[in-house]
Amino acid sequence: MEDEERLQLGPNADWMSRLPVALHDVPLWDLAIPGSHDSMSFCLDLSSPVLGSEPRLLRVTDRLAPCWTRPCVSRWATTQTSVLTDQCDLGVRFLDLRIAKKPGGFRELFFAHGIYTLITVKEALHELSIWLDAHPQEIVIISCSHFESLSDEDHMSLVEFIIRLFGQKLCSAQAELLTLRSCWSRRQQLVVSYDDQRMALQYPQLWTGIPYWYADSSDPKKVISYLEAMKCSGRPATFYVCGLNLTENAAYVLLHPLQSMKTMTRRALSLLLHWASRQRPGDQSPK
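Structural data, given as structure tokens:
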């Protein structure tokens, strides 16, 4: 990224520290916090196989014609083009980290979306730790989920690594209230949502999986309709994710061979952004 572009991103890198004093004692889950979907998909590895959890037809196609299958999967699985720290500089404070273990005897954990990533979990979290050091008043939420092919030992190793790396930066799930002021006073900067309840309940540093409102549709009107229905049913008491991401299925991909996740999303962006601009954060379901 060029220096001029970085200067343009600068103001968003510390937006939490510049919020009005009136918001310093508001629960973090009552603030509107921007996030990214499949945050590590900017570095998908075309030399890796498709995930074992993908449909059987796709796995068979990958074995027969990987040079065709993997670029196609990557085109639809790439939801981000900015590296993790650039996403944080842009203002993103919720990171969707889908963790997986590659087949073939790999000891390191990676991320995955359709196929695996080039960057390991440890490498990404180290980068995030350095970024947090440089922005001491910013609070980031990471959602660790999916855990493709992880063993109990892998889970234990990952959690212990997170606790060692971030230490006192971790926001305890046992805190009665989490606000900017309370986090700043304790020098806490990271909420870790761990979507394996058995593990999350063993460690006070981990939050159980954050609910994700997910429409599972390529139609932006259906996504908005789903989110409106969820709003009417009432929001969760603490953190939750309002997913504006579109999702393709096999039929959509076959009918749109020249498209990608990027082109599909851009066509719907104005409608989705218009809906988002009308929402208001708070302790009640948005009107």
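full-length UniProt numbering numbers the first residue of the sequence shown as 1 and each following residue consecutively. The beta-carbon is built from N, C-alpha and C at its ideal position, and this holds for glycine as well. It should be emphasised that the depicted structure is a prediction, and the values quoted were computed from it without experimental measurement.
Residue pairing by DSSP places Ile142 opposite Leu95, Val192 in a beta bridge. Within the segment 150-211, complete beta strand (DSSP E) segments of at least 3 residues are found at 190-194, 206-208, given in chain order.
By the C-beta criterion, the segment 102-118 is judged not to be in contact with the segment 170-189, since fewer than 3 inter-stretch pairs fall below 8 angstroms. Distance from the CA atom of Ser36 to the CA atom of Val159, rounded to whole angstroms, is 22 angstroms. Distances from the alpha-carbon of Glu127 to those of Val192, Val60, Thr85, Arg280 put Thr85 closest. By DSSP's assignment, His135 forms no beta bridge with any residue.
Taking 8 angstroms as the upper bound for CB-CB distance, Phe239 and Trp29 are in contact here, some 5 angstroms apart.
The alpha carbon of Ser193 has as its nearest neighbour, out of Ile162, Thr263, Gly114, Ala251, the alpha carbon of Ile162. Under the 8 angstroms Cβ criterion, the segment 89-103 counts as touching the segment 11-22, having at least three qualifying pairs.
For the pair of segments examined, the segment 197-208 was found not to touch the segment 249-256: the number of CB pairs separated by less than 8 angstroms stays below three.
When the five nearest sequence neighbours on each side are left out, the beta carbons in the same chain lying within less than 7 angstroms of the beta carbon of Pro71 are those of Leu46, in order along the chain.
Here Leu227 is buried. Its C-beta has 16 or more other C-beta atoms within 10 Å.
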